[in-house]
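Inspection log for the structure reproduced underneath, given as structure tokens.
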Amino acid sequence: MVDLLQVVVDEAAKAAATSAVGAVSTASRNVVSLLKERLGTTKSGKDALSRRALAAARADKEWADRLIEAVSVLHEENASTATAGIENFRNHLAILADPPRTGLKLIVGAAGSGKTELARQLADRVQEDFPSGRVEVPLGRYRDGDEFDAAAVKRYVLREFGIPHGEIPADDEQLDRQFLAVLVTRSFVVILDDVELAAEPALFTRFRTSLVLATASVYSRELKTCDPAAIELRGLDVEGARELLADFCGKVRLTDEPVETDRLVDLCDRMPLALREVGVTLAGRAGEARPVATLLDEYRDTGVVDVEGVIQDSLRRTFARLSDAAVEACAVLAEHPGGFFTRATATAMTGDAKVIDELIAAQLTYQAGDWYSLTILAGQYARTLPAEREAGFDRLLAYVRDTAVAADFRENPQRLRTYVVPSKRDWDLRVDHIDWLEAHRSLIGELVKLACLRRRYKESLQLAGAFEALVNKRGYWREFVDISDWAVKAVEADEDAKPAQLARALMMRGKARYIARWFPAALEDLDRAAKILSGPAAGFAESRWRKLRASLAEFRGRFHEERADLLAHRNAGEAEIQRELAEAERHLRAACALSTELADGPALAIHPRMLANVLIKSGRPQEAIAVLGTMAAAGRNQARVEMVYANAYLALGDLAGARARFGSAWNQLAAQRATQYVWELRELQARLMTAEGDPGAIDVWGRLAYDATRIGHPRADRYFSALESSSSDRRP
Numbered sequence: 086m087v088d089l090l091q092v093v094v095d096e097a098a099k100a101a102a103t104s105a106v107g108a109v110s111t112a113s114r115n116v117v118s119l120l121k122e123r124l125g126t127t128k129s130g131k132d133a134l135s136r137r138a139l140a141a142a143r144a145d146k147e148w149a150d151r152l153i154e155a156v157s158v159l160h161e162e163n164a165s166t167a168t169a170g171i172e173n174f175r176n177h178l179a180i181l182a183d184p185p186r187t188g189l190k191l192i193v194g195a196a197g198s199g200k201t202e203l204a205r206q207l208a209d210r211v212q213e214d215f216p217s218g219r220v221e222v223p224l225g226r227y228r229d230g231d232e233f234d235a236a237a238v239k240r241y242v243l244r245e246f247g248i249p250h251g252e253i254p255a256d257d258e259q260l261d262r263q264f265l266a267v268l269v270t271r272s273f274v275v276i277l278d279d280v281e282l283a284a285e286p287a288l289f290t291r292f293r294t295s296l297v298l299a300t301a302s303v304y305s306r307e308l309k310t311c312d313p314a315a316i317e318l319r320g321l322d323v324e325g326a327r328e329l330l331a332d333f334c335g336k337v338r339l340t341d342e343p344v345e346t347d348r349l350v351d352l353c354d355r356m357p358l359a360l361r362e363v364g365v366t367l368a369g370r371a372g373e374a375r376p377v378a379t380l381l382d383e384y385r386d387t388g389v390v391d392v393e394g395v396i397q398d399s400l401r402r403t404f405a406r407l408s409d410a411a412v413e414a415c416a417v418l419a420e421h422p423g424g425f426f427t428r429a430t431a432t433a434m435t436g437d438a439k440v441i442d443e444l445i446a447a448q449l450t451y452q453a454g455d456w457y458s459l460t461i462l463a464g465q466y467a468r469t470l471p472a473e474r475e476a477g478f479d480r481l482l483a484y485v486r487d488t489a490v491a492a493d494f495r496e497n498p499q500r501l502r503t504y505v506v507p508s509k510r511d512w513d514l515r516v517d518h519i520d521w522l523e524a525h526r527s528l529i530g531e532l533v534k535l536a537c538l539r540r541r542y543k544e545s546l547q548l549a550g551a552f553e554a555l556v557n558k559r560g561y562w563r564e565f566v567d568i569s570d571w572a573v574k575a576v577e578a579d580e581d582a583k584p585a586q587l588a589r590a591l592m593m594r595g596k597a598r599y600i601a602r603w604f605p606a607a608l609e610d611l612d613r614a615a616k617i618l619s620g621p622a623a624g625f626a627e628s629r630w631r632k633l634r635a636s637l638a639e640f641r642g643r644f645h646e647e648r649a650d651l652l653a654h655r656n657a658g659e660a661e662i663q664r665e666l667a668e669a670e671r672h673l674r675a676a677c678a679l680s681t682e683l684a685d686g687p688a689l690a691i692h693p694r695m696l697a698n699v700l701i702k703s704g705r706p707q708e709a710i711a712v713l714g715t716m717a718a719a720g721r722n723q724a725r726v727e728m729v730y731a732n733a734y735l736a737l738g739d740l741a742g743a744r745a746r747f748g749s750a751w752n753q754l755a756a757q758r759a760t761q762y763v764w765e766l767r768e769l770q771a772r773l774m775t776a777e778g779d780p781g782a783i784d785v786w787g788r789l790a791y792d793a794t795r796i797g798h799p800r801a802d803r804y805f806s807a808l809e810s811s812s813s814d815r816r817p
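Sequential numbering of the sequence shown, starting at 86, is according to the numbering used here.
Okay, here's the thing in structure tokens:
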């Protein structure tokens, strides 16, 4: 576990370092002032300043608390764009009159009692005290039984604070450090919806300068230890209940029947969910002489005497007004993987393009961007209805599989694949194919798992294989760890699977694991794949079998390079780092040799570049240039080759050659809008300017350090070391 106080003083030291080069704000000046007050000077290097500040903070709790307060607003301009979605009705006026402003506050109540809405209104009342905005986390998405995916929650929150997905680490250690660094430098409100476990709010209660509002349906003994004085809800205020009913009853005039309206509100126990359903029922009776009284009479005649009866009656009436096709579609969509669907996936699953509009008109859905979901009550009711659910799942699986594979082929028709390619693989949608994969990544992940569980092994592998196109283009390695795990399970369970398919699935899972820094598990996968590929090419063309061997050699080389990078990050011994780099070189030379024998153009545009990069890290830039001279590349890979050339020339001291190659890479990547390489380019620019003796280098390093700190980027420490070195070089 990363030490929170250590992160606080590290961020304070970074603020002091960046303020020295002009990247300064009022919040930064406040932090520097506190450091000077306690330590006397901030002129020492960042690491030394951090050590001194940590010792002072542990010795003086009052000063530490003041430092935490100051650090918490360092990046207040990074307010979350998440909206509260506040409804315009009165909700528990006494609570709103004196809202909580610190720590954790639990809001407990039955489903439909307005817990989430109250949390949003409380957040709205105190928002001016929290300059970094608010984040709302739907915890149910990240829980599977008693298993809680804390890493997924951290990634979600970081994205809500504007951190680009590509800058969020895949491995747990760096993810935790970034999460702490980002949240400790922001003062915010977080709404945790549907808390069940104490570990869930504990992710955020460490940040004392922020407010945590958490909703729960069950006030368990575990949660009582978190907040012994929780807000317990049983219904709205009378006036608020009337207003909410009026929001949903359309043209029905409640003021014409005040006594009956109050009776109806009481029958609903003033529960928001029940009031919404009754309002929808009343809206359909607009034009009747006394709609509220008539509805109450019908409730009496049919035995509806409580809130549960009101809700069930309303749902029954709503579904009775739907067409048979819409009822069937709703029952099918209630089982849509992940709970959210687009018009296209709803059409595929139901086989009817028109029913979604009928469900929307009946107020049985809510919308989030281009995605829809059934309301909680509609979904619960629809699951009790008969429907051809298996057929609906099969239609959805076929549609998403066909579209994902078409996107994969649109990206690169020559890519090495081992999955069975379906007949339809032409991209015919108007949206960008990679954008489509990215938007549907959660659905694809769910379908890979469900297809495997339903013994649809071929489709599970097809979806996992197509997902590689998104991974290669935009990352999402953390998501791919789970997807590739199900792919391995699918191929292991499939009696008809070929050895090549298992080898490929193991290789991809191994790669996902070492990117996530899970090295022992990754090595196990790569070793299993190597054992398979050392045998005969059963059911697979010999040339493709050898391409798989070359790909495995590439992955093993990158495995050792990643381990070397991690060792360097941890300041391990040089001999240990060089051993890993030597292994990386050995495997990448094998990959190059196999690709040369096969005359595999796509591989020969990648493998030598990877080898050259390792040679530079090993201190042999001249050999790297020789390797680069043997290859031909195009597109984005050509720009990557230019970057490796620039690094090699820089290592040799050929600054003119490095500058020319850097300029070429910069122009190509800018033209291609390949933003995933921005950090490497900016770092290369700073190193080149430093080597050229350009006094502007310190400003480039300072901006890099500041930007990296602002988003908790794992390279921040590297940039501060370079910044301090550049600053010392400029001192007389």
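Glycine included, each C-beta is placed from N, C-alpha and C at the ideal position. Since the structure is predicted, the reported quantities are computational estimates derived from the model, not experimental observations.
(Q) Between the alpha carbons of D570 and L587, how many angstroms are there, rounded? (A) Indexing the sequence shown from 1 puts residue 570 at position 485. Indexing the sequence shown from 1 puts residue 587 at position 502. Distance between the alpha carbons of D570 and L587: 11 Å.
Q. Can at least three beta-carbon pairs, one atom from the segment 397–405 and one from the segment 478–487, be found at a separation below 8 Å?
A. no
Q. How would you write the range of the beta strand (DSSP E) that Q452 sits in, first residue to last?
A. Working through the sequence shown from its first residue, we reach residue 452 at position 367. Where Q452 is concerned, the enclosing beta strand (DSSP E) stretches over T450 to A453.
Q) Which stretch, first to last residue, makes up the alpha helix (DSSP H) that contains R219? A) Stepping through the sequence shown from its first residue, residue 219 is reached at position 134. First-last for R219: R219 to P223, but that is the beta strand (DSSP E), not the alpha helix (DSSP H).
Q) Which same chain residues, not among the five before or five after L268, have their C-beta less than 6 Å away from its C-beta? A) Working through the sequence shown from its first residue, we reach residue 268 at position 183. Hits under 6 Å: F292.
Q. Buried or exposed: which applies to Y730, given that a residue is buried once 16 or more other Cβ atoms fall within 10 Å of its Cβ?
A. For the purposes of this step, residue 730 is identified with residue 645 of the sequence shown, where counting begins at 1. Y730 should be labelled buried.
**Q.** Integer Cβ distance of Q263 from P799, believed to fall under 8 Å
**A.** For the purposes of this step, residue 263 is taken as residue 178 along the sequence shown, with counting starting at 1. For the purposes of this step, residue 799 is taken as residue 714 along the sequence shown, with counting starting at 1. Indeed, because the Cβ distance is near 7 Å, the residues count as touching under 8 Å.
Q) Taking just the CA atoms, how far does L352 sit from A359? A) By one-based count along the sequence shown, residue 359 stands at place 274. By one-based count along the sequence shown, residue 352 stands at place 267. Cα-Cα distance, rounded: 9 Å.
Q.
For F640 and G658, I'd like the C-alpha separation in whole angstroms.
A. Taking the sequence shown and counting its residues from 1, the one referred to as residue 640 is at position 555. Taking the sequence shown and counting its residues from 1, the one referred to as residue 658 is at position 573. Spanning the two alpha carbons is a distance of roughly 24 Å.
Q: Whole angstroms is fine: what's the gap from R671's alpha carbon to A607's?
A: By one-based count along the sequence shown, residue 671 stands at place 586. By one-based count along the sequence shown, residue 607 stands at place 522. The alpha-carbon atoms of R671 and A607 are separated by roughly 18 Å.
**Q.** Residues of its chain near K336, where Cβ-Cβ distance is below 8 Å and the 5 sequence neighbours each way are ignored
**A.** Here residue 336 refers to the residue found at position 251 when the sequence shown is read from its first residue. These residues qualify, in order along the chain: A368, A371 and G372.
Q. Which runs of the alpha helix (DSSP H) fall wholly inside the segment 526–613 and span at least 4 residues, in chain order?
A. 526–538, 542–559, 562–578 and 584–600
**Q.** Between the CA atoms of N497 and W521 - distance to the nearest angstrom
**A.** On the sequence shown, residue 521 is found 436 positions in, with the first residue counted as 1. On the sequence shown, residue 497 is found 412 positions in, with the first residue counted as 1. If you take the alpha carbons of W521 and N497, they lie about 15 Å apart.
Q. According to DSSP, is D95 helix, strand or coil?
A. To locate residue 95, count along the sequence shown from 1; it is residue 10. DSSP places D95 in helix when its eight states are reduced to three.
Q.
On a Cα-Cα basis, can you pick out the residue from G197, P216 and I192 that is closest to L207?
A. Position 122 of the sequence shown, counted from the start, is the residue given in the question as residue 207. The shortest C-alpha separation from L207 is found at I192.
(Q) Below 7 Å, is the gap between the Cβ of T340 and the nearest heavy atom of the ligand GDP? (A) With respect to small molecules bound, the structure shown includes none, and the ligand GDP cannot be examined in it.
Q.
Looking at E317: is its Cβ nearer than 8 Å to the Cβ of G423?
A. In the sequence shown, counting from the first residue as 1, residue 317 sits at position 232. In the sequence shown, counting from the first residue as 1, residue 423 sits at position 338. Result no, Cβ atoms of E317 and G423 do not sit closer than 8 Å.
Q.
Restricting to runs no shorter than 4 residues, where is the alpha helix (DSSP H) found entirely within the segment 721–788?
A. 740–757 and 763–776
Q: Going by CA-CA distance only, name the one from T681, G595, S680 and R631 that's closest to F644.
A: Within the sequence shown, the letter at position 559 stands for residue 644. Nearest C-alpha to F644: G595.
Q) Since G560 contacts G251 with CB under 8 Å, what's their CB separation in whole angstroms? A) Sequence index remark: in the sequence shown, residue 560 carries index 475 (1-based). Sequence index remark: in the sequence shown, residue 251 carries index 166 (1-based). Sure, about 5 Å apart at Cβ, within 8 Å.
Q) Exposed or buried, what is G738 when buried is set at 16 or more other beta-carbons lying within 10 Å of its beta-carbon? A) As a first step, residue 738 is located in the sequence shown; it is residue number 653 there, counting from the start. Taking a 10 Å sphere around the C-beta of G738, we find fewer than 16 other C-beta atoms and assign the residue as exposed.
Q. What residue does the beta strand (DSSP E) around Y457 start on, and which one ends it?
A. The residue you call residue 457 lines up with position 372 of the sequence shown. Counting along the chain, the beta strand (DSSP E) containing Y457 begins and ends at W456 to L459.
Q) Could you give the distance in angstroms between the alpha-carbon of L651 and the alpha-carbon of R602? A) Here residue 651 is taken as the residue at index 566 of the sequence shown, counted from 1. Here residue 602 is taken as the residue at index 517 of the sequence shown, counted from 1. Looking at the two C-alpha atoms, the distance is approximately 8 Å.
**Q.** Cα-Cα separation, L679 to A667
**A.** Walking along the sequence shown from the start, residue 679 turns up at place 594. Walking along the sequence shown from the start, residue 667 turns up at place 582. Their backbone Cα atoms lie some 19 Å apart in a straight line.
Q) How about L555 and R589: do their beta carbons lie closer than 8 Å? A) Stepping through the sequence shown from its first residue, residue 555 is reached at position 470. Stepping through the sequence shown from its first residue, residue 589 is reached at position 504. Going by C-beta atoms, L555 is not nearer than 8 Å to R589.
**Q.** Coil, strand or helix - I192 by DSSP
**A.** Working through the sequence shown from its first residue, we reach residue 192 at position 107. Three-state result, I192: strand.
Q) Is the distance from the Cβ of L766 to the Cβ of A750 below 8 Å? A) Counting from one through the sequence shown, the residue named residue 766 turns up at place 681. Counting from one through the sequence shown, the residue named residue 750 turns up at place 665. Yes, the Cβ-Cβ distance between L766 and A750 is below 8 Å.
(Q) To the nearest angstrom, how far is the alpha carbon of D95 from that of P254? (A) Locating residue 95 in the sequence shown gives position 10, counting from the first residue. Locating residue 254 in the sequence shown gives position 169, counting from the first residue. Approximately 19 Å, taken between the alpha carbons.
Q. In three-state terms, what does DSSP make of E342?
A. What you label residue 342 is simply residue 257 of the sequence shown in a count that begins at 1. Assigned with DSSP and collapsed to three states, E342 falls in coil, not helix or strand.
Q. Per the contact definition of three or more C-beta pairs closer than 8 Å, is the segment 424–444 in contact with the segment 474–483?
A. yes
Q: In the DSSP assignment, find the alpha helix (DSSP H) that holds I441 and state where it starts and stops.
A: Residue numbering aside, residue 441 sits at position 356 when the sequence shown is read from its first letter. Start and end: V440 to A446.
Q: For L789, collect the residues of the same chain with a Cβ closer than 7 Å to its Cβ; drop the 5 residues on either side in sequence, then sort them by chain order.
A: Here residue 789 refers to the residue found at position 704 of the sequence shown. Only R767, E768, A771 and Y804 meet the Cβ criterion.
**Q.** 7 Å CB neighbourhood of A169 in its chain, flanking five on each side removed
**A.** On the sequence shown, position 84 is the one that residue 169 refers to. Reliability fails at A169, whose pLDDT of 42 lies under 50, so the model's placement of it is uncertain and no value is given.
**Q.** Boundaries of the beta strand (DSSP E) in which D278 is found, first to last residue
**A.** Residue 278 sits at position 193 when you count from the first residue of the sequence shown. From DSSP, the beta strand (DSSP E) with D278 extends over V274 to D278.
Q. Exposed or buried, V656, counting other C-beta atoms within 10 Å across all chains shown (16 or more means buried)?
A. Here residue 656 is taken as the residue at index 571 of the sequence shown, counted from 1. What sits at residue 656 in the sequence shown is Asn, not Val. N656 comes out exposed.
Q.
Taking the beta carbon of V533 as the centre, do at least 16 other beta carbons fall within 10 Å, making it buried, or is it exposed?
A. Counting from one through the sequence shown, the residue named residue 533 turns up at place 448. So V533 counts as buried.
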